[in-house]
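Here is the structure we will look at, set down as structure tokens.
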Amino acid sequence: MTSDLSAALGPTNTGKTYLAVTRMLAHADGVIGLPLRLLAREVYERIVREKGVEQAALVTGEERIVPKSARYFACTAEAMPTHFRGRPFCFMAIDEVQLCADPERGHVFTNHLLHSRGSEETLVLGAATMQGVLHGLAHADQIEPRMRFSQLTHTGPCKLSRLPKRSAIIAFSAEDVYAIAELLRRRHGGAAVVMGSLSPRTRNAQAALFQSGEVDYLVATDAIGMGLNMDVNHVAFAALTKFDGQRRRALRADELGQIAGRAGRYQTDGTFGTTASAPAFDEAMIRRLEEHDYERVRALYWRNRVLDFASTGALQASLQAPVPRDGLIRVSRAIDAQVLGALAEREDFTKALDTPEGVRRLWQVCQIPDFRKSGPDAHARLLGDIFAQLSSPRGRIEEDWLAGKLKALDHLKGGVDAISSRLAHVRTWAYCTHRADWIGDAVHWQAQAHALEERLSDALHDRLLQRFVDQRTSVLARALNAGEEADAVVLPDGEVKVLEHTIGHLEGLSFRPGSAARDLAGKTLRMVANAALAPEINRRLSAIVAANDEVFCLADDGAIHWEGAAIARLKADSDALHPLVNLIGGQLGHDAAQDKAQTRVQDWLDGVIARDLKPLLGLRAKVDAGEIIGLGRGLGFRLIEAMGALPRHQIASELRDLDQPSRHALRQCGVRFGAFHVFMPALIRPASARLLSLLFAAAAETDTAAFLPRPGLTAYMTQESVHAPAARVAGYALFSRRLVRIDILERLADLIREAQKAHKGGIFSPNEAMLSLLGCSHDDLGKILIALKYQCKRKKDDAGKGETWAPVHLGHQKQAKKKAPAQKPTIDPDSPFAVLQALK
Numbered sequence: 023m024t025s026d027l028s029a030a031l032g033p034t035n036t037g038k039t040y041l042a043v044t045r046m047l048a049h050a051d052g053v054i055g056l057p058l059r060l061l062a063r064e065v066y067e068r069i070v071r072e073k074g075v076e077q078a079a080l081v082t083g084e085e086r087i088v089p090k091s092a093r094y095f096a097c098t099a100e101a102m103p104t105h106f107r108g109r110p111f112c113f114m115a116i117d118e119v120q121l122c123a124d125p126e127r128g129h130v131f132t133n134h135l136l137h138s139r140g141s142e143e144t145l146v147l148g149a150a151t152m153q154g155v156l157h158g159l160a161h162a163d164q165i166e167p168r169m170r171f172s173q174l175t176h177t178g179p180c181k182l183s184r185l186p187k188r189s190a191i192i193a194f195s196a197e198d199v200y201a202i203a204e205l206l207r208r209r210h211g212g213a214a215v216v217m218g219s220l221s222p223r224t225r226n227a228q229a230a231l232f233q234s235g236e237v238d239y240l241v242a243t244d245a246i247g248m249g250l251n252m253d254v255n256h257v258a259f260a261a262l263t264k265f266d267g268q269r270r271r272a273l274r275a276d277e278l279g280q281i282a283g284r285a286g287r288y289q290t291d292g293t294f295g296t297t298a299s300a301p302a303f304d305e306a307m308i309r310r311l312e313e314h315d316y317e318r319v320r321a322l323y324w325r326n327r328v329l330d331f332a333s334t335g336a337l338q339a340s341l342q343a344p345v346p347r348d349g350l351i352r353v354s355r356a357i358d359a360q361v362l363g364a365l366a367e368r369e370d371f372t373k374a375l376d377t378p379e380g381v382r383r384l385w386q387v388c389q390i391p392d393f394r395k396s397g398p399d400a401h402a403r404l405l406g407d408i409f410a411q412l413s414s415p416r417g418r419i420e421e422d423w424l425a426g427k428l429k430a431l432d433h434l435k436g437g438v439d440a441i442s443s444r445l446a447h448v449r450t451w452a453y454c455t456h457r458a459d460w461i462g463d464a465v466h467w468q469a470q471a472h473a474l475e476e477r478l479s480d481a482l483h484d485r486l487l488q489r490f491v492d493q494r495t496s497v498l499a500r501a502l503n504a505g506e507e508a509d510a511v512v513l514p515d516g517e518v519k520v521l522e523h524t525i526g527h528l529e530g531l532s533f534r535p536g537s538a539a540r541d542l543a544g545k546t547l548r549m550v551a552n553a554a555l556a557p558e559i560n561r562r563l564s565a566i567v568a569a570n571d572e573v574f575c576l577a578d579d580g581a582i583h584w585e586g587a588a589i590a591r592l593k594a595d596s597d598a599l600h601p602l603v604n605l606i607g608g609q610l611g612h613d614a615a616q617d618k619a620q621t622r623v624q625d626w627l628d629g630v631i632a633r634d635l636k637p638l639l640g641l642r643a644k645v646d647a648g649e650i651i652g653l654g655r656g657l658g659f660r661l662i663e664a665m666g667a668l669p670r671h672q673i674a675s676e677l678r679d680l681d682q683p684s685r686h687a688l689r690q691c692g693v694r695f696g697a698f699h700v701f702m703p704a705l706i707r708p709a710s711a712r713l714l715s716l717l718f719a720a721a722a723e724t725d726t727a728a729f730l731p732r733p734g735l736t737a738y739m740t741q742e743s744v745h746a747p748a749a750r751v752a753g754y755a756l757f758s759r760r761l762v763r764i765d766i767l768e769r770l771a772d773l774i775r776e777a778q779k780a781h782k783g784g785i786f787s788p789n790e791a792m793l794s795l796l797g798c799s800h801d802d803l804g805k806i807l808i809a810l811k812y813q814c815k816r817k818k819d820d821a822g823k824g825e826t827w828a829p830v831h832l833g834h835q836k837q838a839k840k841k842a843p844a845q846k847p848t849i850d851p852d853s854p855f856a857v858l859q860a861l862k
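Using the working numbering, you'd call the opening residue of the sequence shown number 23 and step up by one each time.
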């Protein structure tokens with residue numbers, strides 16, 4: 023005799039599972055089928071607490087704990103027995119009965135719903151969407167609606183960085199779960215991670231991390247929707263679509279509701295919303311989720327349970343039997359049926375499948391779940407290996423073979439993904455060890471597989487901690503959240519500590535937060551740190567004001583350093599030779615102290631400029647005072663704007679018209695009229711050239727670093743990207759990638775003048791002295807000469823001699839003489855071509 027069917031239906035947080043276990047324990051014996059191994063473990067642990075370990079049993083694909091005196095069974099739906107000691111259980115319950123509508127596993131739940139009954143009471147639990155089919159298909163006599171204990175309210179979208187504490191963030195791929203958990207680690211110190219692939223031991227350890235308050239955030243897949251009861255106040259969806267194994271689709275309202283319902287436990291209200299890149303919920307969906315109004319289930323997935331094992335063909339035909347009534351949908355392409363089709367075609371299994379017993383055993387093997395989520399083809403290859411063992415003459419899995427499989431998995435190397443993969447493999451072998459007819463000494467191998475699973479589970483928990491929880495940050499966050507006394511301390515070397523944890527360093531006038539504090543605890547941490555930093559920064563500002571010039575220096579990046587730390591940076595002003603300075607940091611100090619420190623640093627910089635750029639500033643003073651007049655004054659302005667050096671060809675017309683008194687006045691200021699440049703030799707000194715380069719870069723107001731030539735080199739090849747104006751400010755001329763100091767070019771002009779004496783018409787031959795001076799090859803010298811407006815008149819002969827060069831304008835001049843008499847040109851006495859005057 024069996025009982026009638028009753029149901030308790032409602033949304034999450036209505037106490038349905040608690041009710042079922044309470045009812046079961048009131049009977050002499052009972053069984054409850056649940057959708058997940060994790061949930062079966064939770065119910066088993068409650069039975070143990072209330073009835074003792076000897077009366078509790080746990081039966082899943084990978085675990086079997088069944089004492090001889092056990093009377094109350096917590097099981098996964100696939101592993102749930104229907105009889106106890108040869109008769110139906112007194113009590114029978116099926117949880118999450120709405121899974122009857124699941125395309126993959128629905129037929130298992132439907133089979134129990136239609137055919138599994140307790141002798142005294144049968145109870146199904148699930149969503150209110152099942153009410154119609156329970157009346158119509160299962161003939162339920164009594165349906166008890168269950169009301170949620172708390173309110174569920176939509177709060178809208180929220181950035182990940184601003185999610186409230188005790189939030190669960192939902193993603194639908196391992197990659198997204200990891201990415202979000204890593205962001206929360208940086209922002210809040212860490213997050214617990216819950217995914218369906220975790221073992222119960224790892225999942226419980228991660229849940230304890232969240233429950234204890236060590237972390238305030240949980241990142242989970244939709245596995246959280248099936249009865250994982252934790253103190254979650256807010257559920258945030260990071261996506262509203264998921265890949266269901268065949269296609270990416272939008273989640274249905276009932277799926278979203280199952281997950282959102284995890285917010286708010288018992289009488290604590292919960293909230294939900296979206297985050298990250300998930301779009302906001304529309305008004306219709308918000309109403310449905312808040313009111314638990316979901317589309318009714320109208321059909322259940324079904325598969326024939328009366329199977330014909332006469333042959334593999336007969337078995338496949340019986341699996342394809344049509345549905346017996348309306349309201350049922352026959353399962354198509356279940357993975358166990360796909361694997362059956364693949365293995366039935368293998369010629370090496372033909373003999374093993376010529377009896378009903380062989381076909382039955384093959385079907386048992388095909389029902390091993392794809393724990394690895396590897397897909398039908400890869401899963402078929404693995405199960406083929408297992409069936410090959412079972413169809414051997416011995417008829418069992420060879421223990422040495424199984425030992426080798428477990429040994430290959432028994433190491434703790436790798437990260438989260440690697441250990442998760444090994445755990446999935448172990449679950450397959452654990453499943454096999456719980457088939458006593460498949461392996462000798464099953465109890466021993468069950469213990470071996472279980473011990474390996476626990477070792478890997480602990481290692482996985484450790485890896486999750488290492489990757490997604492900053493222990494220092496987590497401890498600091500908990501202390502600050504609990505309102506503990508948390509004075510900050512600044513050590514002599516600038517290290518800043520709160521509660522014995524280093525949260526950063528004070529470098530100069532700037533606080534650099536460390537990994538334990540970069541985004542942690544918001545206003546609370548900043549307030550604690552600032553309380554200690556402000557007096558120290560005021561002290562440092564006062565020390566800067568009182569400091570001697572020797573403790574300051576201008577670094578290559580344009581920052582001004584004090585006692586080795588950057589405290590100010592150059593800021594462009596209207597006068598490139600007198601930039602301003604801006605303090606770096608110091609905002610926690612008093613305004614007056616900041617102003618005084620900035621004035622002190624400005625005074626130091628002005629002094630350095632006055633010392634190292636004295637010739638240029640002297641020229642400016644005379645130009646401004648009108649002591650240099652006429653064309654000389656204009657040329658002086660141009661030299662000042664160019665920071666002390668101009669290519670001669672750019673000012674050729676001014677030089678032709680410049681009178682001797684103006685030349686004399688400029689020479690008195692340190693200006694040299696060279697063959698190729700008009701420049702101030704004193705500015706080529708290293709200190710002056712370096713300072714000019716830094717001022718030039720600051721005036722440009724770009725991120726481009728100042729060009730600083732290599733110390734001690736007067737000519738060299740560079741791989742840097744250098745612009746000619748920047749090189750010229752530093753005292754160098756640029757020839758493609760070759761840099762030559764300006765004064766060295768003037769020595770080259772001297773060598774050319776000397777060489778011209780050996781020829782008529784300004785012609786000369788390159789010599790070793792020129793090559794040595796520039797430190798270049800003969801070909802490179804030719805390129806430099808071309809850039810300096812010379813042309814090759816005759817190339818080397820076979821003996822390597824006879825090459826001659828001449829100024830470009832002389833060739834043009836001779837062509838012009840053929841057409842008409844030319845006026846006597848005015849030759850600059852400082853030009854290397856002046857020697858031609860003496861030859862005429």
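Positions of the beta carbon are idealized from the N, C-alpha and C atoms, including for glycine.
Between arginine 93 and the set Ser743, Glu85, Arg660, His49, the nearest pair of CA atoms involves His49.
C-alpha of leucine 639 to C-alpha of histidine 800: approximately 40 Å in a straight line. If you look at leucine 174, you'll find it in the beta strand (DSSP E) that goes 174–176. Distances from the CA of lysine 818 to each of Val830, Gly804, Ala339 were compared; the closest alpha carbon is that of Gly804.
In this structure, methionine 252 lies near glutamine 233, with their beta-carbon atoms less than 8 Å apart. For valine 257, DSSP records a beta bridge to Ala190, Phe294. Counting along the chain, isoleucine 308 sits inside no beta strand (DSSP E); it lies in the alpha helix (DSSP H) bounded by residues 305–313. DSSP, reduced to helix, strand and coil, places lysine 815 within a strand of the structure shown.
Excluding the 5 residues flanking it on each side, histidine 472 has same chain C-beta neighbours closer than 8 Å at Glu85, Ala452, in chain order. If one requires a minimum length of 4 residues, the alpha helix (DSSP H) runs lying completely within the stretch 780–812 are 790–796, 800–809, in chain order.
For valine 623 against alanine 587, the beta-carbon gap comes to about 13 Å, at or over 8 Å, which does not count as contact. In the DSSP assignment, arginine 477 falls within the unbroken alpha helix (DSSP H) covering 464–490. The beta strand (DSSP E) runs of length 3 or more contained entirely in the stretch 44–107 are, from start to end of the chain, 52–56, 78–81, 94–98.
Take the alpha-carbon of arginine 352 and the one of phenylalanine 265: they are about 22 Å apart. By the criterion of a C-beta distance shorter than 7 Å, glycine 824 is surrounded in its chain by Arg816, Lys818, once the five residues flanking it on both sides are discounted.
By the CB criterion at 8 Å, leucine 311 and leucine 273 fall outside the cutoff. For the 8 Å CB-CB criterion, isoleucine 191 and alanine 258 form a contact.
For the set Ala821, Asp820, Leu810, the Cα lying nearest the Cα of histidine 831 is the one of Leu810.
Per DSSP, the continuous alpha helix (DSSP H) segment holding valine 448 begins and ends at 438–455. A direct Cα-Cα distance of roughly 17 Å separates serine 532 from alanine 577. Taking a contact as a CB-CB distance under 8 Å, the pair alanine 214 and alanine 229 counts as one, their CB atoms being some 7 Å apart. Here serine 479 is actually not in contact with glutamine 289; their C-beta atoms are around 34 Å apart, not less than 8 Å.
With fewer than 16 other Cβ atoms inside 10 Å of its own Cβ, tryptophan 423 counts as exposed. Rounded to the nearest angstrom, the gap between the Cα atoms of leucine 159 and valine 119 is 13 Å.
DSSP, reduced to helix, strand and coil, places threonine 151 within a helical segment of the structure shown. For the 8 Å CB-CB criterion, aspartate 484 and tyrosine 323 do not form a contact.
Under a 10 Å Cβ-count criterion, glutamate 143 is classified as buried, with 16 or more other Cβ atoms of the shown protein chains found around its own Cβ. Beta-bridge partners assigned by DSSP to phenylalanine 113: Gly52, Glu143. Between the stretch 567–576 and the stretch 691–709, the count of Cβ pairs shorter than 8 Å is below three; the stretches do not touch.
If you look at tyrosine 239, you'll find it in the beta strand (DSSP E) that goes 239–242.
A direct Cα-Cα distance of roughly 10 Å separates leucine 365 from alanine 410.
Arginine 225 counts as buried, since at least 16 other C-beta atoms from the protein chains shown sit within 10 angstroms of its C-beta.
Contact check for alanine 752 against alanine 711 passes: the beta carbons are separated by less than 8 Å. With contacts defined by Cβ atoms closer than 8 Å, threonine 450 and phenylalanine 393 form a contacting pair.
Under the criterion of beta carbons closer than 8 Å, alanine 196 and methionine 217 qualify as touching, at roughly 7 Å. Of all C-beta pairs linking the stretch 553–562 to the stretch 606–616, three or more are shorter than 8 Å, placing the two stretches in contact.
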